[in-house]
Amino acid sequence: MYKKTPPSENRQNVHQYAKNGQIDKILEMMEKVRAVGRVAEHVLDERDGLMGATPLHFAAEADQTEVVRFLLDRGAPVEARDSYGLAPIHSAASKGNTECVKMIAGQGASPSCADRNGDTPLHYAATMDGGTHGPEKVQRHVDTCALLLKLGCSIDAPNKKGWTATHRAAFNGRTEVLQLLLNRGANPSSVNDEGNTPLHLACMGNRIDCAQMLIAAGSRPNLANAHGRIPSEVTKNQGLKMLLERADELNRSRRKDVRTIYAQPTLPQKALRDLHDEAESGSEPATPATPTPAPAPAPAASKTGMLAAGGDSKKKSALELELEQAGPEGRELFGRMRATSLKRMASNISKKVIEDVPLPGVERETAEEELAKLSLDQALVTDADGFPAEPDGLAGWSQQDL
Numbered sequence: 453m454y455k456k457t458p459p460s461e462n463r464q465n466v467h468q469y470a471k472n473g474q475i476d477k478i479l480e481m482m483e484k485v486r487a488v489g490r491v492a493e494h495v496l497d498e499r500d501g502l503m504g505a506t507p508l509h510f511a512a513e514a515d516q517t518e519v520v521r522f523l524l525d526r527g528a529p530v531e532a533r534d535s536y537g538l539a540p541i542h543s544a545a546s547k548g549n550t551e552c553v554k555m556i557a558g559q560g561a562s563p564s565c566a567d568r569n570g571d572t573p574l575h576y577a578a579t580m581d582g583g584t585h586g587p588e589k590v591q592r593h594v595d596t597c598a599l600l601l602k603l604g605c606s607i608d609a610p611n612k613k614g615w616t617a618t619h620r621a622a623f624n625g626r627t628e629v630l631q632l633l634l635n636r637g638a639n640p641s642s643v644n645d646e647g648n649t650p651l652h653l654a655c656m657g658n659r660i661d662c663a664q665m666l667i668a669a670g671s672r673p674n675l676a677n678a679h680g681r682i683p684s685e686v687t688k689n690q691g692l693k694m695l696l697e698r699a700d701e702l703n704r705s706r707r708k709d710v711r712t713i714y715a716q717p718t719l720p721q722k723a724l725r726d727l728h729d730e731a732e733s734g735s736e737p738a739t740p741a742t743p744t745p746a747p748a749p750a751p752a753a754s755k756t757g758m759l760a761a762g763g764d765s766k767k768k769s770a771l772e773l774e775l776e777q778a779g780p781e782g783r784e785l786f787g788r789m790r791a792t793s794l795k796r797m798a799s800n801i802s803k804k805v806i807e808d809v810p811l812p813g814v815e816r817e818t819a820e821e822e823l824a825k826l827s828l829d830q831a832l833v834t835d836a837d838g839f840p841a842e843p844d845g846l847a848g849w850s851q852q853d854l
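Position in the sequence shown (from 1) plus 452 gives the number in this note's numbering.
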């Protein structure tokens, strides 16, 4: 990034000393400056004649950790910007210099600072510099990205053109970095100013591995960009086209499965819908009667199935057994809550099913397996006393697990 500056007075030499790790030369220069009555520390803020970079920019990019520590200890400005708006932390991140990033951030540099184009250090670390890289170099960039996220850098922060770090990693084929970002929760379907998702950009660069990762993470293969083109229409790679078409077919099939399952729900789902319909009708929910104790102790309630209560051959749901154990107060509280909380939950289910949102990609469990997890005994969140939790707790569960 930073090229060798034209030779001139001491003003320029300090940048080369920083880049080469020559602390002794920097000290010598500071002594010379001090001898003529100037403040020696001004040397640390000298600007390069070409790009306006400071010695700290040069040292951070060159991974000269000892020089970086030396400069920071003497007050080198950590937020200094070059002519492109890059701070020293950008310079370190662009080369995967994790230790330099850590030291500079430790002196107060923002891990989310943006350059003139809106790119954060995470954008630079995810892009990596041009060319191919060995495993060690790749791992350094992965480690740098992980550190920046730990320091608080926003994973989906867009630059001025709407590109996120995920867009950058996908476009440049940085599979290891892309996997890290997706594992940490990056949005695989974020769109830039031209409507391109990371999947579009992976296809533009024929990055098959990146495309597979994005599809598995839930990126939509049929989402058109601002020019009306879906990912399969921006690549000439036939293998990639086949992958995208197959993923689209699976997503369509799974959306159909979701609607089928909702139309023909399992018993817990049917109970939930019945409660929802009862709440919609405005009828007063009936309070379950207190059961007569059986002569023999009933087996413990299971969270996953139906259990026989006492000697009675009729099976009771886990929810009924929980309400029996909760006592009159618990049943009364549940009666008041279910007309609101379960109504909200059922409404959330309906929205999730009706909206045209594809299920995550081909490596995830089938839609039937996912929805089969939804049962009333799972939805009935209880507090420390065994009573139903607040409505927001129930609604939050439904949003997360659907």
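Yeah, the Cβ is synthetic: ideal placement off N, Cα and C, and Gly gets one too. Here the structure is a predicted model, which is why all the values come from computation and not from measurement.
### Query
Starting from Tyr-536 and walking both ways along the alpha helix (DSSP H), at which residues does that stretch end?
If you number the sequence shown from 1, residue 536 lands on position 84. That residue, Tyr-536, is in no alpha helix (DSSP H); it is neither H nor E in DSSP.
### Whole-number beta carbon distance between Leu-502 and Ala-532, since they are thought to touch under 8 Å
Taking the first residue of the sequence shown as position 1, residue 532 is located at position 80. Taking the first residue of the sequence shown as position 1, residue 502 is located at position 50. That pair is no contact at about 15 Å.
### Message
Whole angstroms are fine: how far does the CA of Arg-620 sit from the CA of Arg-681?
### Response
Here residue 681 is taken as the residue at index 229 of the sequence shown, counted from 1. Here residue 620 is taken as the residue at index 168 of the sequence shown, counted from 1. In a straight line, the C-alpha of Arg-681 is about 20 Å away from that of Arg-620.
### Message
Please state whether the Cβ-Cβ distance between Ser-535 and Gly-504 is less than 8 Å.
### Response
For the purposes of this step, residue 535 is taken as the residue at position 83 of the sequence shown. For the purposes of this step, residue 504 is taken as the residue at position 52 of the sequence shown. Result yes, Cβ atoms of Ser-535 and Gly-504 sit closer than 8 Å.
### Task
Note down, in chain order, each residue of its chain lying with its Cβ closer than 6 Å to the Cβ of Lys-803, except the 5 sequence neighbours on either side.
Translated into positions along the sequence shown, residue 803 becomes position 351. Here Lys-803 scores only 42 on pLDDT, less than 50, and its place in the model is too uncertain to base an answer on.
### Query
To the nearest angstrom, how far is it from the Cα of Thr-627 to the Cα of Met-481?
Within the sequence shown, numbered from 1, the residue matching residue 627 stands at position 175. Within the sequence shown, numbered from 1, the residue matching residue 481 stands at position 29. Taking C-alpha positions only, Thr-627 is separated from Met-481 by approximately 44 Å.
#### Entry: Among His-585, Ser-562, Ala-622 and Glu-701, nearest to Leu-601 - alpha-carbon criterion
Reading the sequence shown from its first residue, position 149 is the one you call residue 601. Closest option to Leu-601, Cα to Cα, is Ser-562.
### Message
If you measure between the beta carbons of Ile-855 and Ala-528, is that distance less than 8 Å?
### Response
Only positions 453 to 854 of the chain appear in this structure, which leaves residue 855 out of reach.
### Query
What residue does the alpha helix (DSSP H) around Gln-631 start on, and which one ends it?
In the sequence shown, the residue the question calls residue 631 occupies position 179. For Gln-631, the enclosing alpha helix (DSSP H) starts and ends at 627-635.
### Query
Can you tell me whether DSSP reads Glu-646 as helix, strand or coil?
Translated into the one-based positions of the sequence shown, residue 646 becomes position 194. The three-state reading of DSSP puts Glu-646 in coil, since its state is none of H, G, I, E or B.
### Query
Grouping DSSP H, G and I as helix and E and B as strand, with all else coil, what is Cys-605?
Reading the sequence shown from its first residue, position 153 is the one you call residue 605. DSSP places Cys-605 outside both helix and strand once states are collapsed to three, so it counts as coil.
### Task
Name the two residues that bound the continuous alpha helix (DSSP H) containing Leu-508.
Here residue 508 refers to the residue found at position 56 of the sequence shown. Looking at the DSSP string, the run of the alpha helix (DSSP H) that includes Leu-508 is 507-513.
### Query
Under a Cβ-count criterion, where at least 16 other Cβ atoms within 10 Å of its own Cβ denotes burial, should Pro-587 be classed as buried or exposed?
By 1-based counting over the sequence shown, the position of residue 587 is 135. Around the beta carbon of Pro-587, fewer than 16 other beta carbons lie within 10 angstroms, which makes this residue exposed.
### Task
Thinking Ser-671 and Pro-650 are a contact (beta carbons under 8 Å), I'd like their distance in whole angstroms, please.
Here the question's residue 671 lines up with position 219 in the sequence shown. Here the question's residue 650 lines up with position 198 in the sequence shown. Confirmed, Cβ separation roughly 7 Å.
### Contact under 8 Å by Cβ, Thr-687 with Met-656
The residue given as residue 687 occupies position 235 in the sequence shown. The residue given as residue 656 occupies position 204 in the sequence shown. Cβ distance < 8 Å, so Thr-687 and Met-656 count as in contact.
### Query
In chain order, what residues of the same chain have a beta carbon less than 6 Å from the beta carbon of Lys-471, not counting five sequence neighbours either side?
Reading the sequence shown from its first residue, position 19 is the one you call residue 471. For Lys-471, where only same-chain residues beyond five positions count, the Cβ hits under 6 Å are Phe-510 and Ala-514.
### Query
At what residues does the alpha helix (DSSP H) containing Val-519 begin and finish?
Position 67 of the sequence shown, counted from the first residue, corresponds to residue 519. Here the alpha helix (DSSP H) through Val-519 covers 517-525.
### Query
Hey, how far is the Cα of Ala-654 from the Cα of Ala-663?
Numbered from its first residue, the sequence shown carries residue 654 at position 202. Numbered from its first residue, the sequence shown carries residue 663 at position 211. C-alpha separation (whole angstroms): 6 Å.
### Query
Does DSSP put Val-686 in a helix, in a strand, or in coil?
In the sequence shown, the residue the question calls residue 686 occupies position 234. Coil, per DSSP.
### Query
Are there 16 or more other CB atoms within 10 angstroms of the CB of Lys-547, so buried, or fewer, so exposed?
Along the sequence shown, read from residue 1 onward, the residue named residue 547 stands at position 95. Result: buried.
### Query
Which residue from Ala-609, Thr-517 and Asp-500 puts its Cα closest to that of Gln-474?
To locate residue 474, count along the sequence shown from 1; it is residue 22. Relative to Gln-474, the option among Ala-609, Thr-517 and Asp-500 whose CA is nearest is Thr-517.
### Task
Report the rounded CA-to-CA distance for Leu-479 versus Arg-526, giving the unit in angstroms.
For the purposes of this step, residue 479 is taken as the residue at position 27 of the sequence shown. For the purposes of this step, residue 526 is taken as the residue at position 74 of the sequence shown. Taking the straight line from one Cα to the other gives about 11 Å.
#### Entry: Per-residue burial, Asp-567 [other beta carbons within 10 Å of its own, 16 or more giving buried]
Position 115 of the sequence shown, counted from the first residue, corresponds to residue 567. Buried, because 16 or more other Cβ atoms sit within 10 Å of the Cβ of Asp-567.
### Message
One question on the structure: do Ala-638 and Pro-673 come within less than 8 Å of each other, judged by their Cβ atoms?
### Response
Mapped onto the sequence shown, residue 638 falls at position 186. Mapped onto the sequence shown, residue 673 falls at position 221. Contact flag unset, no.
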